[in-house]
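S.K.: Order-wise, the sequence lines are chains A and B.
In terms of this note's numbering, the first sequence opens at residue 216 and continues consecutively.
In terms of this note's numbering, the second sequence opens at residue 33 and continues consecutively.
Idealized CB from N, CA, C, for every residue including glycine.
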Amino acid sequence: MGIRNNKPLREAWVIFFFLGVVMLNFPFLHIFNKETPVFGIPLLVIYLMVGWPLSILVVYIFSIYLGKETDDKYISTEPPPDEETP
Amino acid sequence: MIPVDIVASVSLVYFGLLFAVAFYADRREKVGRSITNNANLYSLSLAVYCTSWTFYGSIGRAATNGIDFITIYLGPTLIAFSWWFLLRKIVRISKEQNIGSIADFISSRYGKSAFLGAIVTLFAVLGIMPYIALQLKAVARTFDLLADPLVGTTASLHHLPNIDFQFDTAFAVAVCLSLFGILFGARHLDSSERHSGLVAAIALESVVKIVAFVAAGLFITYGMFDGFSDIFESFVTRFPDRTDLLLLGSGDNEYTHWFTLIFISMMAVMFLPRQFHIMVVENSSEEHIRRAMWSFPAYMFLLNLFVIPIALAGLLMANGDTHNADFYILTLPLQSGHEWLALLVFLGGFSASAGMVMVSSVALSTMILNHILMPVILKLQTGERDLSRRLLYLKRLFIVVVIFLGYLYFRLLGESAALVNIGLISFVASTQFAPAVIGGLYWRRATFKGAATGLILGFIAWFYTLLLPSFVEAGWLSQSILDEGLFGWKFLMPKALFGLTGFDTWSHALFWTMFFNVGCYISVSLLTRPKAAEREQIAKFVDVYHKGKTPLQRSRITKAPTIMEFVNMMTKFIGEKQAHAAISRFIGNKEIDNKGSLSEQELIKLKRFTELTLAGSVGAAPARIIIDNYLSARGSRMESVFDVFGTVNISRNASREQLSVLYDAAHAVASGGTLKEILDEILKIFTDQFKFDLCVIRILDEDRQTLTVRSQRGMSSRHFGESERNLTMDTFIGETFLTNKITVVNDTDDIGKPESARIIHEHRIASFAHAPIAVEGETIGVLSSFSRASKGVFTHEFIELFTNLASQVGVAWRNSQQTERLITLREHQREMEIAKNIQLGLLPKRVPEIPGLEMAGICVPAKDVGGDYYDYLHHDDGRLDVVIADVSGHNVGAALLMAETRTFIQSRSAFLGSPLNIIKSLNHFFYEDLSQAELFITMFYLQYRPENGQARYASAGHSPPLLWRSQDETLLRLDSEGLIIGVHREFPYEQNEVILQSGDCLLLYTDGLLEAETHDGDFFGEDRLVELIKSSCDRSPQEMIDYIFEQVRLFTGQHSFQDDVSMVVMKVKEVEQSTEK
């Protein structure tokens, strides 16, 4: 189960990673670097505190997809490792 | 305030809980039912990242610096997204290489360099020690906040009134943590083995951390205030001038600062020694990474959700006083009378500190032992048989030393500013490992020298730009260094190095450290080449997912140690029990030969296995040194087996070279040179391609039953390469020949056959091989090659080639033998041709002209030369002698006898007179010769007088001629008693007489005619002959002969005869008819 076997998947991770880095830096950050309150909370705080869990959610969904991919591969190559030993 | 005894008891109970959990987890691990082999626990244990510096410090930073605290968690969140390819690769490599720490990882990647391991360890200790001090300080401070310390002391001294016991919180915590580290972090020497108890305790602490923090957050946000909006709005209303805390500064550099923090926290979460330990060394399955990728960021998000509200609430409650901002989370519940919550928060912060100290001390002690102390121990070369106990105690000692160095640091600088920024300083320090690790994973060209230069310069820059200023701020060094630069050189100002101004401290430091680190790493790597040992490691790291790409390392150990020696070597460092367990794991069901040792290939594997096993306990670099030292001490060494091929990459090129050698050899065989030339050429091709010192071809000399040298190339020696060998089992060559099996000796140090051994050693031969040269299964010689330079030359592939070459020699030999035989045959044929011609010349060329008599004769030899003879002798007195004889045999001997007979008859018949006399004297004369040669002659001798038709005849056992009397149509057999010539010296031969009449037809013949045979074994026989005579007697003698032959050939169905066939036909002309003519 080499990485290169699922190259598109690997590239997706690189995209997520760089997208995250870009979204959380200048100049994106500059757009939201405002005091304007949303529901009483400054925009920047909202941006970070909502954007952050959202990115985690994306990775969560993707990791489930990744799990399926690798599970399929495990079936054909090796037994899945015990995730929780009884 | 809470009574000190309650805080102390709760802390102790919590400690007890941690010990119990750890103990339980260790027990479960031992019985093979691990509770820590679990993705959730793995994610939780990663949260050891969140120390008290973040637990308390985040709030403090949010209250003073604003929102940038969040970068410390955003960075790890982002890098976690890359874990599926980045972390997984590191984990895979570490598991395969038994890597036990980040120092081990870096040292291992760059050729198992002890030097790199040492400097990484040194820098890690330097960077982390203050961080440990910070944790102890946090515990002590929070303890003091809960229960008032004794006044008048700088340390947090407390007095337990009940038992009249005075203690120093930080010291007590250090003792407990040391104990924990010893019990659960250094149970075994094998650091690459998982520490289940430690991980379980860390996971529990992470749970306590988050529960405490979220509980406090909920209480403050919803208990003390009316939710998030309320806090924010209250804050903005109350402190309109402090709203900058909720924004980033507007300048560009503010974003640089932001980016810097994100970047260094990304690196820190991966390369802080404790993070590496928990993430990589304690990882039990790559699959857990998939869960951790989102659950670890989620944990951090949850932990940070309430940081800003708490900070703002703290500011609101403390009237903007940020003096104690770090501990708002503790003081807020305390001030509002919720002491139980404060206690929970204290336990959370305590967990954060304890977890960090536990893992760091274990990771650092392993690094110190393996990378600083181990090389020294190995230098000292203690002769002790089992060092493992001592090493384990040393490891435990280092855990204590690391923790107490932290304590000492805290006591000396406890309140100084040197500790304030220590968390970030440590982060930048761990960032220095990033280029060497990440580059090492993906960049093949990265070399040891590049990594070492980058690391050293990076750390010098780190020290100068971060640690030095913090020392100045602590008052240890003169402020002038900061303001005017070192030695007053402005361009050396630590916070504005080379005149770089306008950046915050962190960005400035990150820029310069990375500039030097990455710059040198890349440029020096490009300028240098990795050594062989390094190349091997590069493949194992970069190509960890592509095993096939890893070049096949084929090598052998000369004077290889036995299995037991390997076990003893392991015993010394990991203990007897572990060593035996390891070896039985390795051997499993491997084949062990009758000498109780493994095959050469398996020994190499055992050597690697031993090294890996040792690496798990003492680190990769010391393991390599141990093995190398051990092997060199006993005179063994590793050698590449390819140098004989003149190329490193055997698997691909060997077959090509083999093919080319075999092709050239086949070409030589087909060249048509003499055998000597061909054999010389084959050896030349062979020795040109492979560096052998001597190659010899010996072929069996059948007459003398020895193996004689037919071709030889390389060193010359009368006793060695050029001498013959007897066919005995006492020499390797003899054995090879007699058993028709290849003999390969890859190491002449230990060989049998004393006679051979003496010669071999005399000529300093390191390895040799003999291949039998066989033709159609029969051994005819031996091909040998000898090497002085290298042992283990004869690999499997090579032996195949060698055997092939031997059979090429066989083909050459067979070809030459066949040619020789053809030549002999041709020469023989020519001789026989000559003999035949001579013999045919001895037969009468013409028939004598005798009036009234017609004659014809023929001799058809079955082979080239024959033993049949006939002749006519026309004497002066008019009589005609006709003789027909058959010498037994068809060889030259028979031909010679026939010639002799002819000479005798031609010379003597004139005066010997009667046929009887002639046969008698012939018998007498030839008796000696014939009986000696075991030959005999049958002969019929007839003397005809044309004037009266009288024919006297004598026979020596010859087939009686047939006389056909055409006048009365009767057949007469000219019988005459007589033994074949050469049996008895004296024999009473008979002589008879007959009168040939006109029209008579006499046929003299040799028995080859009657014995002409069909395929079915039927003889032609006399009856058929008689019939033929009757039916053809009116023909001329020559026609009769032709007719008879024709008929005989028809009868046998063959053109040639098995035996010589001779016939003479005499026909008396019918007088009347002739007169009529």
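Which bits of chain B does phenylalanine 243(A) rub up against, with CB to CB less than 7 angstroms?
M.R.: Within chain B, no residue comes near phenylalanine 243(A); the closest Cβ sits about 10 angstroms away, beyond 7 angstroms.
S.K.: How long is the line joining the alpha carbons of isoleucine 214(B) and lysine 411(B), rounded to whole angstroms?
M.R.: 27 angstroms
S.K.: List the endpoints of the continuous beta strand (DSSP E) containing isoleucine 1027(B).
M.R.: Residues 1024-1027.
S.K.: Going along the chain, which residues of its own chain have a beta-carbon closer than 7 angstroms to the beta-carbon of serine 291(A), five neighbours each way excluded?
M.R.: Any reading at serine 291(A) must be qualified, since the residue scores a pLDDT of 38, below 50, and its modelled position is unreliable; no value is offered.
S.K.: Are there three or more Cβ pairs, one per stretch, closer than 8 angstroms when the stretch 1047-1059 of chain B is compared with the stretch 919-931 of chain B?
M.R.: no
S.K.: Pull out every residue of the stretch 99-125 of chain B whose Cβ sits closer than 7 angstroms to any Cβ of chain A, in chain order.
M.R.: Ile99, Ile102, Leu106, Thr109, Leu110, Phe113, Ser114, Trp116 and Phe117
S.K.: Below 9 angstroms between beta carbons is the criterion; list the residues of the stretch 81-100 of chain B that meet it against any residue of chain A, in chain order.
M.R.: Ile99
S.K.: Taking a contact to mean a Cβ-Cβ separation below 7 angstroms, would you say glycine 455(B) touches tryptophan 85(B) in this structure?
M.R.: yes
S.K.: Closer than 7 angstroms by C-beta to tyrosine 474(B): which residues in its own chain qualify, once you throw out the five before and the five after it? Chain order, please.
M.R.: Val574
S.K.: When you check each C-beta in the stretch 317-332 of chain B against every C-beta of chain A, which residues fall closer than 7 angstroms?
M.R.: Ser317, Glu319, Arg322, Met325, Trp326, Pro329 and Ala330
S.K.: Name, please, each residue of chain B whose Cβ falls closer than 8 angstroms to the Cβ of threonine 236(A).
M.R.: First, the amino acid is wrong: residue 236(A) is valine here, not threonine. Here the neighbours are Leu110 and Ile294.
S.K.: Whose CA, out of Trp996(B), Gly387(B), Gly884(B) and Phe1052(B), lies closest to the CA of leucine 1035(B)?
M.R.: Trp996(B)
S.K.: From the beta carbon of threonine 582(B), is the nearest beta carbon of chain A less than 7 angstroms away?
M.R.: Residue placement at threonine 582(B) cannot be trusted, given a pLDDT of 44 that sits under 50; what the coordinates show is reported in the next sentence. Under the Cβ distance rule, threonine 582(B) does not count among the residues neighbouring chain A, no pair being separated by less than 7 angstroms.
S.K.: Return yes when the Cβ of glycine 235(A) is within less than 7 angstroms of the Cβ of leucine 110(B), no when it is not.
M.R.: Cβ distance < 7 angstroms, so leucine 110(B) and glycine 235(A) count as in contact.
S.K.: Identify whether histidine 289(B) lies in helix, strand or coil by the three-state DSSP scheme.
M.R.: helix
S.K.: Exposed or buried, aspartate 913(B), counting other C-beta atoms within 10 Å across all chains shown (16 or more means buried)?
M.R.: By the neighbour-count criterion, in which a residue is buried when 16 or more other Cβ atoms sit within 10 angstroms of its Cβ, aspartate 913(B) is buried.
S.K.: Helix, strand or coil for glutamate 852(B), going by three-state DSSP, please let me know.
M.R.: The three-state reading of DSSP puts glutamate 852(B) in helix, counting H, G and I together.
S.K.: Can you give me, in chain order, the residues of the stretch 648-667 of chain B that have a beta carbon less than 9 angstroms from any beta carbon in chain A?
M.R.: Going along the stretch 648-667 of chain B in chain order, one finds no residue with a Cβ nearer than 9 angstroms to chain A.
S.K.: Roughly how many whole angstroms lie between the Cα atoms of threonine 763(B) and phenylalanine 769(B)?
M.R.: So the alpha carbons of these two residues sit roughly 10 angstroms apart.
S.K.: When the Cα of leucine 437(B) is compared with those of Ile855(B), Tyr46(B), Ser210(B) and Asn351(B), which residue comes out closest?
M.R.: Ser210(B)
S.K.: According to DSSP, is glutamine 1079(B) part of a helix, a strand, or is it coil?
M.R.: helix
S.K.: Are the CB atoms of isoleucine 1013(B) and leucine 954(B) nearer to each other than 7 angstroms?
M.R.: Between isoleucine 1013(B) and leucine 954(B), the CB-CB gap stays under 7 angstroms.
S.K.: From tryptophan 290(B) to leucine 635(B), what distance separates their C-alpha atoms?
M.R.: 55 angstroms
S.K.: In three-state terms, what does DSSP make of alanine 806(B)?
M.R.: Under the three-state reduction of DSSP, alanine 806(B) is assigned to strand.
S.K.: Going by DSSP in three states, proline 978(B) sits in which element: helix, strand or coil?
M.R.: coil
S.K.: So, for lysine 527(B): in the same chain, excluding its five sequence neighbours on each side, which residues have a beta-carbon less than 8 angstroms away from its beta-carbon?
M.R.: In chain order, Thr497, Pro501, Leu514, Thr537 and His540 place their CB closer than 8 angstroms to the CB of lysine 527(B), counting only its own chain and leaving out the 5 sequence neighbours on each side.
S.K.: Is any beta-carbon of chain A found at less than 7 angstroms from that of glutamate 61(B)?
M.R.: Output row for glutamate 61(B): interface = no.
S.K.: Please list the terminal residues of the continuous alpha helix (DSSP H) segment that includes isoleucine 710(B).
M.R.: 707-721
S.K.: Which residues in chain A sit within 9 angstroms of tryptophan 290(B), going by Cβ to Cβ distance?
M.R.: The contacting residues are Leu239, Asn240, Phe241 and Leu244.
S.K.: Nearest to aspartate 136(B) by CA position, among Asp903(B), Arg124(B), Gly149(B) and Phe818(B), is which residue?
M.R.: Considering only alpha carbons, the answer is Gly149(B).
S.K.: Near asparagine 836(B), which residues of its chain fall below 7 angstroms by C-beta distance, leaving aside the five closest residues on each side in sequence?
M.R.: Leu694
S.K.: Please list the residues of the stretch 248-263 of chain A that have a C-beta atom closer than 8 angstroms to any C-beta atom in chain B, keeping them in chain order.
M.R.: Asn248, Lys249, Glu250, Pro252, Phe254, Gly255, Ile256, Pro257, Leu259, Val260 and Leu263
S.K.: Might you give, ordered along the chain, the residues of its own chain that have their beta carbon closer than 6 angstroms to the beta carbon of lysine 581(B), omitting 5 neighbours on each side?
M.R.: With a pLDDT of only 47 at lysine 581(B), under the threshold of 50, the placement of this residue in the model should not be trusted; the figure read from the coordinates follows. Answer for lysine 581(B): Asp575, listed in chain order.
S.K.: With 9 angstroms as the C-beta to C-beta threshold (strictly closer), list the residues of the stretch 236-262 of chain B near chain A in chain order.
M.R.: Gly259, Phe260, Ser261 and Asp262
S.K.: Return yes when the Cβ of arginine 742(B) is within less than 7 angstroms of the Cβ of leucine 715(B), no when it is not.
M.R.: no
S.K.: For asparagine 758(B), collect the residues of the same chain with a Cβ closer than 7 angstroms to its Cβ; drop the 5 residues on either side in sequence, then sort them by chain order.
M.R.: Thr738 and Gly766
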